[in-house]
Structure formats: C-alpha cells, structure tokens
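Going by the working numbering, the first residue of the sequence shown is number 6, and it counts up by one from there.
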Amino acid sequence: MKVPVYLAFLLVSYCSLANLPNDAIVISGQPGPMLNKKHFLENGLDRSLKLRNAFQREQSSEKVVWVIYNSGNPEKGGYPDSILQSYITLAAAENIETVVVNTSEDLITLMNDRKDSTSTNIKFSKLHYYGHATLGNLEIGFINGYFWNKLFSDRLNIRKLEAAIFSDTATIDLVGGCRTALPPNYFRNKSAAEQFQPLINGKILASDVRVYYPGGPVSDITLVKKNKGNIIEFQGTKD
Numbered sequence: 006m007k008v009p010v011y012l013a014f015l016l017v018s019y020c021s022l023a024n025l026p027n028d029a030i031v032i033s034g035q036p037g038p039m040l041n042k043k044h045f046l047e048n049g050l051d052r053s054l055k056l057r058n059a060f061q062r063e064q065s066s067e068k069v070v071w072v073i074y075n076s077g078n079p080e081k082g083g084y085p086d087s088i089l090q091s092y093i094t095l096a097a098a099e100n101i102e103t104v105v106v107n108t109s110e111d112l113i114t115l116m117n118d119r120k121d122s123t124s125t126n127i128k129f130s131k132l133h134y135y136g137h138a139t140l141g142n143l144e145i146g147f148i149n150g151y152f153w154n155k156l157f158s159d160r161l162n163i164r165k166l167e168a169a170i171f172s173d174t175a176t177i178d179l180v181g182g183c184r185t186a187l188p189p190n191y192f193r194n195k196s197a198a199e200q201f202q203p204l205i206n207g208k209i210l211a212s213d214v215r216v217y218y219p220g221g222p223v224s225d226i227t228l229v230k231k232n233k234g235n236i237i238e239f240q241g242t243k244d
C-alpha cells in the first residue's frame, strides 16, 4: 500500500521523538473554539522559519522542531484534518521538522529526552509558544470555555520539565498565550512564566492581557497591543 507523503513525514517524525537533534522548539496548541483555526499554526510555522533563517545567517548548527498539539477530533478542540495537513506540507517543503502530539505527556517526554545528553549543543536554547492559556496554565489541549471541558483540558505540566534540557541562557517566549505573566487568583501559585524561572538563567517573556490574533503571522507587540497590554520579562533563577 502506498503511504501518502504527509503520513510518511509524520511517521518519520514520530519515530525520532527520542533523539531530535534540534535546539529551538516552537509549540502550537490546538485551536479549541476559535473561529479561525489557523492562528496558532500560521504563527508557529512563521516563527519556525524565522528561527531557521536566523540560524542560517549566523552559520549556526542549531535547528528547529515545530511541535503541534492535536487531539485528532475537531469536536474536542482539535484541528480539521485538511488544515493541519496543509501546514505539515508547508513545513516539509521548508525542511522544518514537525512532530504532532496528542497528549501533554507525549510533549513532556519529547522534551525531557534531552536530559540524558551530555552535549550542550543539543539542548533547547529557545522555546516559543502559540496557544491557549489560562492563569498559570499553558492549555495546549484547550477544548472550549464550558466548565466541564475546562476541568479536563490537557495542559502542559511545566513542573515536569527538566532543567537539564535547556541551555543555561535559554529564552522562553510565552507571549503567544493569554496572560502568561499573571498568576492564578489563589494562594501561593505561580504564573506560567514564573514556573519556567527555575529551569533557566535566561529570560522569559510573557503577556499580561488576553492576546489578540488578527490573522496571519504577527509580532509579540501586535499580540498584546489591541488590549493595551505589555510584554513582561522575567529573569530565570536556575542555580
């Protein structure tokens, strides 16, 4: 049986989860109830291309992996297959390695597989996130705003990430998620940005408002501008 090109590409990606030779990671969450299902994909691909091009200009050996979260079911917030496959094809044409995951645990495993490596040039030097967020959480598997579904939304458990997977001066950019600079409204909890602080000595960038995706690739400044927000910078506190 002949395997379609996009399926073959995905199979290669899945089989290489344990040893991805990449240094920048871009994460796109699933769209959930958004009318425009492309926002997180078009910005994830655009950021991947910008990073790839910057590495080439600098003659750096660093590479990029683009991770897309997808439940596989549009009724559970996932991507329509036609949209997802079109972006996978675009990424393949640009030689951007793409991995599709459907659980947060798969993403944690993918990232933490770096911890056993002694080679500093295969750790993550950059992380960019485009997806839903609630106070204190990166909601990569967001379904919708209904209370029951919010309880069971698949979230990236930042506390399960190992500090060893990041380079010492790594940059974490969470501006693509809403209010990632703000903590939950209850005692002794931290914002998504603050949860990354013990993992790096570099900086974490986050938003203090609900970000706005107008359509097409946008800058961090544009994401916070409509709601008169700011990009908040946190300093890493890794020992």
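Note that the Cβ used here is the ideal one computed from N, Cα and C, for glycine as well.
As the structure is a prediction and not an experimental result, all values here were calculated from the model.
- Taking the C-beta atoms as reference points, residue 30 is found no nearer than 8 Å to residue 117.
- It is roughly 20 Å from the alpha-carbon of residue 166 to the alpha-carbon of residue 75.
- Per DSSP, reduced to three states, the secondary structure at residue 148 is coil, with no helix or strand assignment.
- For residue 137, DSSP records a beta bridge to 144.
- In this chain, residue 86 is not harboured by any beta strand (DSSP E); it is covered by the alpha helix (DSSP H) spanning 86-98.
- Look at the beta carbons and you see the segment 85-99 touching the segment 45-52: at least three pairs across the two are nearer than 8 Å.
- For residue 178, DSSP records a beta bridge to 133, 210.
- Bounds of any alpha helix (DSSP H) do not take in residue 103; it lies within the beta strand (DSSP E) bounded by 102-106.
- Secondary structure note for residue 61: its alpha helix (DSSP H) is the uninterrupted segment 44-62.
- Under the three-state reduction of DSSP output, residue 225 falls in the helix class.
- The straight-line gap separating the alpha-carbon atoms of residue 62 and residue 56 is approximately 10 Å.
- Distance from the CA of residue 233 to the CA of residue 214, rounded to the nearest whole angstrom, comes to 8 Å.
- When the beta-carbon positions are compared, residue 128 and residue 88 stay at least 8 Å from each other.
- A straight line joining the alpha-carbon of residue 77 with that of residue 151 spans about 20 Å.
- Judged by their CB atoms, residue 212 and residue 185 are nearer to each other than the 8 Å cut-off.
- In this structure, the straight-line span from the alpha carbon of residue 218 to that of residue 146 is close to 18 Å.
- Scanning its chain for C-beta atoms nearer than 7 Å, with the 5 sequence neighbours on each side dropped, one finds around residue 81 the residues 148, in chain order.
- Around the C-beta of residue 34, 16 or more other C-beta atoms lie within 10 Å, and the residue is accordingly described as buried.
- The alpha-carbon separation between residue 37 and residue 238 amounts to approximately 28 Å.
- Relative to residue 197, the option among 207, 231, 205, 182 whose CA is nearest is 182.
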